[in-house]
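Numbering (my numbering), first residue to last: 4 to 181. Glycine included, every Cβ here is placed at the ideal spot set by N, Cα and C. Structure record follows, encoded as structure tokens.
Right under this line is the structure:
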């Protein structure tokens, strides 16, 4: 569990450095989608769902997908396989050849998220977009409950996470100004 939090903290730190690089946001892939959907900031995941009359179910589906996106950023197991088959020969005096290439892949996400919140949501036409971020207070509080860490290490991790989340809040404030 300690490794998971250290990896998550390292990932968030790296992501914040990249997010704060000042690069101009890329063009949006989906017309009408909020900028934070195509260019989510570190520590956040995004999801969407088509609205078919029940706003609660639509938001719940989009939020679930955003949490899955966030969890995959922290830890995902990816498996893939490519099969490449080729044959050639001759039958009854005629040459033949055949080729078959298949590709299959899957991504498995199994991650416990402590303290997430919906930072943004927007209904555009019939598509609900949701931005889920780790919640600073709950995430920092998780360090206090970890009994494997000594007090000094727990406090250092907590301070770093609070600093990173302060930066996250600043980045979210910029996004909300779009």
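Per DSSP, reduced to three states, the secondary structure at residue 97 is strand. Comparing alpha carbon positions, the residue from 137, 96, 89 closest to residue 49 is 137. Sequence-distant partners of residue 82 (beyond 5 residues in either direction) whose C-beta falls short of 6 Å from its own C-beta, in its chain, are 109.
By the criterion of a C-beta distance shorter than 7 Å, residue 114 is surrounded in its chain by 74, 77, 78, once the five residues flanking it on both sides are discounted. Between residue 121 and residue 112, the C-beta gap is not smaller than 8 Å, which leaves the two residues out of contact.
The DSSP-derived three-state label of residue 113 is coil. Closest in alpha carbon position to residue 103, among 66, 86, 62, is 86.
According to the DSSP secondary-structure assignment, residue 51 is paired through a beta bridge with 132.
In the three-state reduction of the DSSP assignment, residue 123 falls in the strand class.
For residue 36, the secondary structure class from DSSP, reduced to helix, strand or coil, is coil.
Each of 131, 99, 46 was checked against the Cα of residue 58, and the nearest Cα belongs to 131. Here residue 91 has 98, 99, 100, 101 as same chain residues with Cβ atoms under 8 Å from its own Cβ, once five neighbours each way along the sequence are excluded. Assignment of residue 177 by DSSP, reduced to helix, strand and coil, places it in the helix class.
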